[in-house]
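Student: Before I ask anything, let me first share the structure, which is written out below as C-alpha coordinates.
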Amino acid sequence: MGRAPRVDIADIIYHVINRSNSRTELFNTKGDYRGIENILDQAHNKFKVKIYAYCIMPNHWHLVVSPEEDGEMSRFMQWLTLTHTQRYHVFHKTIGFGHLYQGRYKSFPVQTNEYFSQLVRYVERNPVRANLVRKAENWQWSSLWRREYGSDQQKKLLTKWPIGIPDDYLSYVNTKEKSIDLEEMRDCVNRGRPYGSSQWTKQIIDIFDLGLTTRSRGRPKKGT
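Okay, so the sequence shown: first residue is 1156 according to the working numbering, each after it adds one.
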(Lines of atoms letter the chains of each structure in order from A and count residues from 1; the text may use other names and numbers.)
(Lines give C-alpha, C1' and ligand atoms only; values in the text may rest on other atoms or scores of the structure.)
Protein backbone atom coordinates (compact mmCIF):
# COMPACT_ATOMS: atom_id res chain seq x y z
CA MET A 1 0.00 0.00 0.00
CA GLY A 2 1.33 3.46 -0.91
CA ARG A 3 1.93 6.18 1.61
CA ALA A 4 -0.85 8.63 2.40
CA PRO A 5 -0.22 12.08 0.93
CA ARG A 6 1.37 14.50 3.39
CA VAL A 7 -0.79 17.47 4.39
CA ASP A 8 1.21 20.64 5.09
CA ILE A 9 -1.28 23.49 5.06
CA ALA A 10 -1.02 26.65 7.14
CA ASP A 11 -3.03 27.07 10.33
CA ILE A 12 -3.82 23.37 10.73
CA ILE A 13 -2.51 21.59 13.83
CA TYR A 14 -0.48 18.42 13.30
CA HIS A 15 0.86 15.61 15.41
CA VAL A 16 4.36 14.82 14.14
CA ILE A 17 6.46 11.85 15.17
CA ASN A 18 9.84 10.51 14.09
CA ARG A 19 11.76 7.47 15.28
CA SER A 20 15.39 6.46 15.24
CA ASN A 21 16.65 4.00 12.66
CA SER A 22 15.88 0.45 13.87
CA ARG A 23 14.46 2.11 17.00
CA THR A 24 17.89 2.26 18.61
CA GLU A 25 18.34 4.72 21.48
CA LEU A 26 19.35 8.18 20.31
CA PHE A 27 19.23 9.93 23.65
CA ASN A 28 21.27 8.38 26.43
CA THR A 29 22.63 11.40 28.29
CA LYS A 30 21.43 14.83 29.34
CA GLY A 31 23.70 16.21 26.64
CA ASP A 32 21.85 14.22 23.98
CA TYR A 33 18.49 15.56 25.15
CA ARG A 34 19.73 19.13 25.49
CA GLY A 35 21.24 18.89 22.02
CA ILE A 36 17.92 18.11 20.31
CA GLU A 37 16.11 20.70 22.44
CA ASN A 38 18.63 23.36 21.38
CA ILE A 39 18.08 22.44 17.74
CA LEU A 40 14.32 22.59 18.27
CA ASP A 41 14.73 26.11 19.68
CA GLN A 42 16.80 27.13 16.66
CA ALA A 43 14.29 25.62 14.24
CA HIS A 44 11.49 27.51 15.99
CA ASN A 45 13.37 30.79 15.48
CA LYS A 46 14.23 29.94 11.89
CA PHE A 47 10.83 28.82 10.59
CA LYS A 48 7.26 30.03 10.99
CA VAL A 49 5.92 27.06 12.92
CA LYS A 50 4.02 27.22 16.19
CA ILE A 51 4.98 24.59 18.77
CA TYR A 52 2.23 23.66 21.21
CA ALA A 53 3.74 20.55 22.75
CA TYR A 54 6.61 18.09 22.42
CA CYS A 55 8.14 15.11 24.14
CA ILE A 56 11.57 13.60 23.51
CA MET A 57 11.83 9.91 24.29
CA PRO A 58 14.93 7.68 24.18
CA ASN A 59 14.35 6.52 20.58
CA HIS A 60 11.70 8.88 19.19
CA TRP A 61 10.00 12.20 19.67
CA HIS A 62 6.60 13.83 19.27
CA LEU A 63 5.66 17.36 18.25
CA VAL A 64 2.31 19.15 18.16
CA VAL A 65 2.77 22.02 15.72
CA SER A 66 1.03 24.35 13.31
CA PRO A 67 2.79 25.94 10.29
CA GLU A 68 1.99 29.57 9.57
CA GLU A 69 2.63 29.15 5.84
CA ASP A 70 1.85 26.32 3.44
CA GLY A 71 4.78 23.93 3.20
CA GLU A 72 6.56 25.40 6.22
CA MET A 73 6.22 22.28 8.37
CA SER A 74 8.13 20.21 5.81
CA ARG A 75 10.92 22.78 5.67
CA PHE A 76 11.00 22.92 9.48
CA MET A 77 11.16 19.15 9.80
CA GLN A 78 13.80 18.72 7.11
CA TRP A 79 16.09 21.25 8.79
CA LEU A 80 15.44 19.84 12.26
CA THR A 81 16.22 16.22 11.40
CA LEU A 82 19.15 17.00 9.09
CA THR A 83 20.77 19.36 11.59
CA HIS A 84 20.31 16.91 14.43
CA THR A 85 21.74 14.07 12.35
CA GLN A 86 24.82 16.08 11.40
CA ARG A 87 25.54 17.35 14.91
CA TYR A 88 24.85 13.97 16.50
CA HIS A 89 27.37 12.21 14.26
CA VAL A 90 29.98 14.89 14.87
CA PHE A 91 29.50 14.78 18.65
CA HIS A 92 29.48 10.98 18.88
CA LYS A 93 32.19 10.57 16.22
CA THR A 94 29.94 8.33 14.11
CA ILE A 95 30.18 10.15 10.77
CA GLY A 96 29.63 7.63 7.99
CA PHE A 97 27.67 5.20 10.16
CA GLY A 98 24.43 5.68 8.24
CA HIS A 99 20.99 7.11 8.86
CA LEU A 100 20.00 8.38 12.29
CA TYR A 101 16.24 8.33 11.65
CA GLN A 102 14.04 5.65 10.15
CA GLY A 103 13.25 7.94 7.25
CA ARG A 104 10.15 9.91 6.54
CA TYR A 105 8.46 11.42 9.59
CA LYS A 106 4.77 10.77 10.22
CA SER A 107 2.21 13.52 10.65
CA PHE A 108 -1.54 13.94 10.70
CA PRO A 109 -4.00 16.83 11.21
CA VAL A 110 -5.80 17.26 14.53
CA GLN A 111 -9.10 18.98 15.23
CA THR A 112 -8.85 22.09 17.43
CA ASN A 113 -11.16 21.15 20.29
CA GLU A 114 -11.08 18.47 22.98
CA TYR A 115 -9.25 16.23 20.51
CA PHE A 116 -6.35 18.67 20.71
CA SER A 117 -6.14 18.43 24.51
CA GLN A 118 -6.38 14.64 24.31
CA LEU A 119 -3.52 14.59 21.80
CA VAL A 120 -1.30 16.79 23.98
CA ARG A 121 -2.10 14.52 26.91
CA TYR A 122 -1.05 11.50 24.82
CA VAL A 123 2.23 13.20 23.87
CA GLU A 124 3.12 14.49 27.33
CA ARG A 125 2.13 11.25 29.06
CA ASN A 126 4.57 9.16 27.00
CA PRO A 127 7.26 8.94 29.72
CA VAL A 128 4.72 7.63 32.23
CA ARG A 129 3.51 4.90 29.86
CA ALA A 130 7.15 3.95 29.27
CA ASN A 131 7.79 3.79 33.05
CA LEU A 132 10.48 6.45 32.87
CA VAL A 133 8.83 8.64 35.52
CA ARG A 134 5.84 8.35 37.84
CA LYS A 135 4.50 11.82 37.07
CA ALA A 136 4.49 13.26 33.55
CA GLU A 137 5.65 16.70 34.72
CA ASN A 138 8.86 15.13 36.06
CA TRP A 139 10.13 14.22 32.58
CA GLN A 140 12.45 17.12 31.85
CA TRP A 141 12.53 16.69 28.10
CA SER A 142 8.95 17.72 27.34
CA SER A 143 6.69 20.71 26.95
CA LEU A 144 4.91 19.83 30.20
CA TRP A 145 8.09 20.19 32.25
CA ARG A 146 8.92 23.37 30.37
CA ARG A 147 5.48 24.87 31.05
CA GLU A 148 5.58 23.91 34.72
CA TYR A 149 9.23 24.47 35.66
CA GLY A 150 11.02 26.12 32.75
CA SER A 151 12.53 29.61 32.77
CA ASP A 152 10.83 32.49 30.99
CA GLN A 153 13.30 32.02 28.14
CA GLN A 154 12.55 28.30 27.88
CA LYS A 155 8.81 28.94 27.81
CA LYS A 156 9.20 31.15 24.72
CA LEU A 157 9.48 27.99 22.63
CA LEU A 158 5.84 27.13 23.34
CA THR A 159 2.80 28.74 21.76
CA LYS A 160 -0.33 29.35 23.83
CA TRP A 161 -2.88 26.60 23.30
CA PRO A 162 -5.72 27.38 20.86
CA ILE A 163 -8.08 26.20 23.62
CA GLY A 164 -7.79 26.74 27.35
CA ILE A 165 -5.64 24.39 29.41
CA PRO A 166 -7.94 22.58 31.89
CA ASP A 167 -7.46 23.58 35.52
CA ASP A 168 -7.03 19.92 36.43
CA TYR A 169 -4.63 19.19 33.58
CA LEU A 170 -1.87 17.68 35.73
CA SER A 171 -4.33 15.24 37.22
CA TYR A 172 -5.73 14.54 33.76
CA VAL A 173 -2.36 13.88 32.13
CA ASN A 174 -1.32 11.56 34.96
CA THR A 175 -4.51 9.50 34.77
CA LYS A 176 -4.20 6.30 32.77
CA GLU A 177 -5.96 6.43 29.42
CA LYS A 178 -8.63 4.00 28.38
CA SER A 179 -7.45 1.32 25.97
CA ILE A 180 -9.88 2.49 23.30
CA ASP A 181 -8.37 6.00 23.38
CA LEU A 182 -4.83 4.66 23.01
CA GLU A 183 -5.87 2.39 20.15
CA GLU A 184 -7.50 5.31 18.37
CA MET A 185 -4.42 7.50 18.71
CA ARG A 186 -2.03 4.76 17.62
CA ASP A 187 -4.19 4.04 14.60
CA CYS A 188 -3.84 7.70 13.59
CA VAL A 189 -0.06 7.51 14.07
CA ASN A 190 0.30 4.31 12.05
CA ARG A 191 -2.00 5.31 9.20
CA GLY A 192 -1.49 9.07 9.12
CA ARG A 193 -5.22 9.47 9.66
CA PRO A 194 -6.63 12.81 10.92
CA TYR A 195 -7.68 12.88 14.57
CA GLY A 196 -11.05 14.43 15.33
CA SER A 197 -14.76 13.85 15.16
CA SER A 198 -16.06 11.49 12.48
CA GLN A 199 -17.55 14.36 10.46
CA TRP A 200 -14.42 16.53 10.69
CA THR A 201 -12.14 13.59 9.85
CA LYS A 202 -14.18 12.73 6.78
CA GLN A 203 -14.05 16.35 5.61
CA ILE A 204 -10.26 16.47 5.98
CA ILE A 205 -9.83 13.15 4.16
CA ASP A 206 -12.09 14.33 1.32
CA ILE A 207 -10.60 17.82 1.05
CA PHE A 208 -7.02 16.58 0.85
CA ASP A 209 -7.82 13.34 -1.00
CA LEU A 210 -5.94 11.24 1.53
CA GLY A 211 -7.24 7.93 0.25
CA LEU A 212 -8.14 6.80 3.76
CA THR A 213 -11.33 5.48 5.29
CA THR A 214 -13.01 6.62 8.47
CA ARG A 215 -14.52 4.48 11.14
CA SER A 216 -17.29 5.33 13.55
CA ARG A 217 -16.14 6.47 16.96
CA GLY A 218 -17.35 8.61 19.78
CA ARG A 219 -15.92 11.81 21.13
CA PRO A 220 -12.83 11.52 23.32
CA LYS A 221 -13.46 11.10 27.02
CA LYS A 222 -11.30 12.33 29.87
CA GLY A 223 -9.52 9.68 31.88
CA THR A 224 -11.31 8.24 34.88
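Where is the CB? At the ideal position from N, CA and C, for every residue including glycine.
Mapping DSSP to helix, strand and coil, what is Arg1374?
Tutor: The predicted model places Arg1374 with a pLDDT of 40, which falls under 50 and marks its position as unreliable; any figure quoted below should be read in that light. Looking at Arg1374 - three-state DSSP - the assignment turns out to be coil, as it is neither helix nor strand.
Student: Could you check the C-alpha separation between Asn1345 and Phe1246 for me, to the nearest Å?
Tutor: Looking at the two C-alpha atoms, the distance is approximately 32 Å.
Student: Looking at C-alpha atoms only, which residue of Ile1191, Pro1222 and Gly1186 is the closest neighbour of Phe1202?
Tutor: Of Ile1191, Pro1222 and Gly1186, the residue nearest in Cα terms is Pro1222.
Student: Using the Cα positions of Lys1205 and Val1220, report the straight-line distance between them to the nearest angstrom.
Tutor: Approximately 5 Å between the Cα atoms of the pair.
Student: Measure the Cβ-Cβ separation of Arg1301 and Ala1291 and say whether it is below 7 Å.
Tutor: Going by C-beta atoms, Arg1301 is not nearer than 7 Å to Ala1291.
Student: Counting pairs of Cβ atoms below 8 Å between the segment 1260-1275 and the segment 1350-1362, do you hit three or more?
Tutor: Judged by Cβ distances under 8 Å, the segment 1260-1275 makes contact with the segment 1350-1362, as three or more pairs qualify.
Student: Please list, in chain order, all residues of the same chain as Val1328 whose beta carbon is under 6 Å from its beta carbon, the five residues on each side excluded.
Tutor: Contacts found: Arg1276, Glu1279, Arg1280 and Ala1291.
Student: Which of the three DSSP states, helix, strand or coil, is assigned to Trp1234?
Tutor: Trp1234: helix per DSSP, three-state reduction.
Student: State the Cα-Cα distance for the pair Leu1337 and His1217, rounded to the nearest angstrom.
Tutor: Approximately 15 Å, taken between the alpha carbons.
Student: Does the segment 1314-1334 come within contact of the segment 1355-1364, defined as at least 3 CB pairs closer than 8 Å?
Tutor: No: the two stretches stay apart, fewer than three of their Cβ pairs being nearer than 8 Å.
Student: Can you give the Cα-Cα distance for His1244 and Glu1339, rounded to whole angstroms?
Tutor: Each residue's Cα considered, the two are about 36 Å apart.
Student: Using beta-carbon positions only, say whether Ala1198 and Leu1235 come within less than 7 Å of one another.
Tutor: A contact, by the Cβ cut-off of 7 Å.
Student: Using DSSP bridges, identify the partner residues of Lys1261.
Tutor: The partner list for Lys1261 (beta bridge, DSSP) reads Ile1172.
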